[in-house]
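Position one of the sequence shown corresponds to residue 5 (the numbering used here), numbered consecutively onward.
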Amino acid sequence: MQTIISKIDSNDIDKNELKKHSELLKNGETVIFPTETVYGLGANALDENAVKKIYEAKGRPSDNPLIVHIHNKDLIYDLSKDIDDKAKKVIDKFWPGPLTVILKKNDKVPKTTTGGLDTVAIRMPKNDIALELLRECNLPIAAPSANISGKPSPTNGKHVVDSMNGRVAGIIIGDDCDYGLESTVVDFTEEIPMILRPGSITKKDLENVIGKVEIDPSLLNHEDNKKAKAPGMKYKHYSPDAEVFIVSGKNDDVIEKINSLIDENDKNGLKSGVLCLEKNKKKYKGKVISLGENFKEVGRNLFNSLITMDNEKINVVYSEEFLDDEVGMAIMNRLLKSSGYKVIRV
Ligand code: AMP
Ligand code: MG
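Pasting the structure below:
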């Protein structure tokens with residue numbers, strides 16, 4: 005497939021260039037666009053044939069539902085019903101932003117979009133290009149992360165083009181993604197709202213607005229993610245070609261352990277990589293990528309660093325652990341999945 009690729013400046017959006025892509029969407033085609041979380045692979049959420057093209061382009065299992073993107077908060081009423089007041093409150097507080105709400109779907113939304121479920125995931129992204137595109141085509145756009153299913157999500161234009169050129173009708177390249185981790189997914193169809201996927205908006209952030217929020221127990225019990233309520237969470241995810249290990253322990257012990265593992269890999273002809281905090285960067289051997297000085301930066305850089313490791317043909321990646329009950333929870337959720345839950349404790 006010939007892909008129309010447009011580089012668009014978010015500070016000075018070229019409306020004519022953008023229109024090419026909104027026309028593709030209106031014609032039932034797929035377009036990749038930037039959001040504040042990761043790049044999304046979009047198509048008309050109300051058109052089953054268009055939505056099928058998303059699943060095909062990604063190689064995504066058809067029971068893994070999609071998030072529908074809208075440009076105006078009131079559009080939730082066009083897609084869902086029986087909306088909980090708590091959902092309205094968090095929407096008012098956090099939209100546009102990296103938060104997805106699960107609501108009961110109405111009849112307009114095809115089950116192809118919702119992976120066969122009676123609920124629909126909706127969010128309003130905080131990205132000027134995305135919002136302008138949504139406004140211009142005036143359609144709800146289903147858009148999962150723009151990666152081949154199972155791989156890390158792309159957070160910059162180069163990684164999108166490398167993996168998706170020829171698989172979609174359009175690609176809009178904008179800025180690198182601000183958050184770099186997918187949205188927090190919260191289910192509002194039960195009495196107490198439940199986080200199904202952790203993200204940059206944390207449990208504490210939500211509880212400050214609506215009181216008690218639960219976390220899908222399978223997220224805390226790492227081995228048990230087959231029972232996850234967000235169907236997507238049960239699949240292999242965020243995995244680069246390299247084998248990933250998380251190394252857990254006191255800072256100095258972790259450094260020593262990783263360096264000794266790298267020595268062994270060297271002997272066996274394996275190329276090693278390390279993902280760490282900036283403060284530790286100079287202490288490691290091998291290909292070292294600093295993810296940043298704080299957890300917000302780690303979140304932003306995690307996926308693109310995993311993809312860089314593959315581009316550099318690294319065989320084994322060791323990552324430090326990034327623990328806290330805020331954004332650290334989202335980072336560790338992604339890292340544990342990339343590693344297939346392989347943790348070396350020292
Ligand atoms: P992605 O857009 O690829 O980052 O994935 C969207 C995530 O939202 C997946 O983990 C889905 O399983 C989850 N999701 C989407 N729609 C629903 C829904 N109706 N109920 C529960 N989880 C959902
Ligand atoms: Mg995804």
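Glycine included, every Cβ here is placed at the ideal spot set by N, Cα and C.
Beta-bridge pairing by DSSP links Met198 to Asp191, Glu218.
By alpha-carbon distance to Leu310, the top candidate from Tyr242, Gly170, Lys30 is Tyr242.
Listed in chain order, the non-local C-beta contacts of Val321 below 8 angstroms within the same chain comprise Pro244, Ala246, Glu247, Val248, Phe249, Ser276, Gly277, Val278, Leu279, Leu310, Met313, local neighbours out to five positions each way being set aside.
For Asp122, same chain residues with a beta-carbon under 7 angstroms away, outside a window of 5 residues either side, are Lys108, Lys109 in chain order. Out of Asn15, Asn48, Tyr43, Asp13, the CA that lies nearest to the CA of Ser26 is found in Asn48. Here the stretch 37-45 makes contact with the stretch 141-148; the two share three or more CB pairs at distances below 8 angstroms. Linking Lys291 to Thr118 through their CA atoms gives a straight-line distance of about 41 angstroms. Closest in alpha carbon position to Met128, among Glu40, Val172, Ser264, is Glu40. With the rule of 3 Cβ pairs closer than 8 angstroms, the stretch 186-204 counts as touching the stretch 96-106. Per DSSP, reduced to three states, the secondary structure at His73 is strand. Sorting Thr193, Glu211, Asn315, Met333 by C-alpha distance to the C-alpha of Ser84 places Thr193 at the top. At least one heavy atom of ligand 2 falls within 6 angstroms of the beta-carbon of Ser149.
As the crow flies, the alpha-carbon of Leu135 is around 9 angstroms from that of His73. Gly174 is positioned such that its CB atom lies no closer than 7 angstroms to that of Ile133.
The beta carbon of Gly296 lies closer than 8 angstroms to those of Leu281, Glu282, Val302, Arg304, Asn305 in the same chain, with the five residues before and after it left out.
The alpha-carbon separation between Asp96 and Asn263 amounts to approximately 48 angstroms. Looking only at Asn298, Tyr81, Asn160, the smallest Cα-Cα distance to Glu330 is reached by Asn298. If you ignore the 5 residues before and after Ile152, its C-beta comes within less than 7 angstroms of the C-beta of Lys62, Gly63, Ser167, all in its own chain and listed in chain order.
Distance from the Cα of Ile9 is smallest, within the candidate group Trp99, Tyr59, Gly161, Ile17, for Gly161. In this structure, Val189 lies away from Val94, with their beta-carbon atoms at least 7 angstroms apart. Residue pairing for Leu279: DSSP places it in a beta bridge opposite Ile293, Ser323.
Taking C-beta atoms as the reference points, Glu52 and Thr116 count as a pair closer than 7 angstroms. Ser264: member of the alpha helix (DSSP H) spanning 255-271, first to last residue. Taken through DSSP and simplified to helix, strand or coil, Ala47 comes out as strand. Taking a C-beta distance under 7 angstroms as the contact criterion, Lys261 and Val164 do not qualify as a contact pair. Annotation: the continuous beta strand (DSSP E) that includes Ile176 extends over 174-177.
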